[in-house]
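Plus 325 on top of the position in the sequence shown (first one is 1) and you've got this note's numbering. Below you'll find the structure, written out as structure tokens, and then a few comments.
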Amino acid sequence: MSPRGRALGERLQLGVVRGLARLPEKVQVLLSGQRTVIIDGQRLDPQLQLVRSLRQWRGLVPLAMPGVDIAAARRRFRREATAFAGPKTPVRATRDFAIAGLAGSLAVRHYAPAAADPQPVLVFLHGGGFVFGDIETHDEPCRILCAVARMHVLSVDYRLAPEHPFPAALEDALTALRWAREHGGALGGDGRVTIGGDSAGGNLAAVAARLATREGASPAAQLLIYPATDATTPRASHDLFGEGYILTSADREAFTRLYVAGTGVSRGDHRISPLHAADLGGLPPALVVTAGFDVLRDEGEAYAHELRASGTDSRLRRFESLGHGFISLTGVVPAARRATQEIARDWRALLDSLHR
């Protein structure tokens, strides 16, 4: 099938999913071709169960398979993320521009909240396994964070592996954080510069927050949404959700391999697996969000617990019925939109509690 034909087929399938999402829950479960999914005492959201079945029916090719066309996979990732995001949440303004990076210009997008008075700034790093994703794939999550948390968001189009393996993405994250600290006022910031991201972006945010803190330039807080924190240790959630739940164990392994390939850096290095860092105390307050049906669930929660044990203010929130990548499913899974809005409210509450 031609690329145009595949794209048309995906749009048609998306329309079907949106229509089915309005049906009663029992009917959705029936149409998914499976019984209600209950694992580890958690019940999978019925709309997400339907999306999961559709993705399996479409026969997505695992990244780990030999000969996978990375460029084609990226295009599909972008089409799916953009389509599944739903209607755009309104913000006061957006602006695309570039800042100076270590390897040339670094593209960013600024989202301005409705309030014209100074507000906090969030430097946001998208997910996608260090291989996929860009500013467009995470446009709607950034819009929700901007509008609901009432803050400026600076989304970063960092360099991707395998063309740009470690430490390229981390360098870009640190560059954007430093830029925001210096120029946040010009964006409308109130001096509170924070950092956050989802999945691989959550990994980058966690590592950048710690490294910046050790440099004496700590962000005000860190938002880690289902972050990848340990590329070395198998955990229960890897066994429970390693297949069929958006991010597979095989794909996670492939992402890590592409990220560190040819660098000589160990997977246990604290810049790859922040859970292995020896110095997690004295870091900025963290809101750590996990999903119940996610291969990364247990390592994300382990990181939250380790932060707290080290004396860092760490707040953990698990959305039990959702899976990996849910902030990118806000247009087809109503519970995902509600959860993303709740994250934004919790994030603002955390920042306001620190500002009193």
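For each residue, glycine too, the CB sits at the ideal point set by N, CA and C.
- Per DSSP, the continuous beta strand (DSSP E) segment holding P445 begins and ends at 444 to 450.
- For I364, the beta-bridge partners assigned by DSSP are Q367.
- Counting only residues of its own chain and dropping the five nearest sequence neighbours on each side, V478 has a CB closer than 6 angstroms to the CB of Y436, L447, F449, C467, L470, C471.
- Between A486 and Y584, the C-beta spacing is below 7 angstroms.
- Per DSSP, F580 is one residue of the alpha helix (DSSP H) stretching across 574 to 585.
- Going by C-alpha positions, D576 is about 28 angstroms away from A501.
- Under the three-state reduction of DSSP, Y628 is assigned to helix.
- Counting along the chain, V433 sits inside the beta strand (DSSP E) bounded by residues 429 to 437.
- Straight through space, the alpha carbons of E631 and L605 are spaced by roughly 7 angstroms.
- As the crow flies, the alpha-carbon of D555 is around 27 angstroms from that of R673.
- For S639, the enclosing beta strand (DSSP E) starts and ends at 639 to 648.
- In this structure, the alpha-carbon of E405 lies about 26 angstroms from that of A423.
- DSSP links F618 through a beta bridge to G648.
- Spanning the alpha carbons of R360 and R377 requires a straight line of approximately 13 angstroms.
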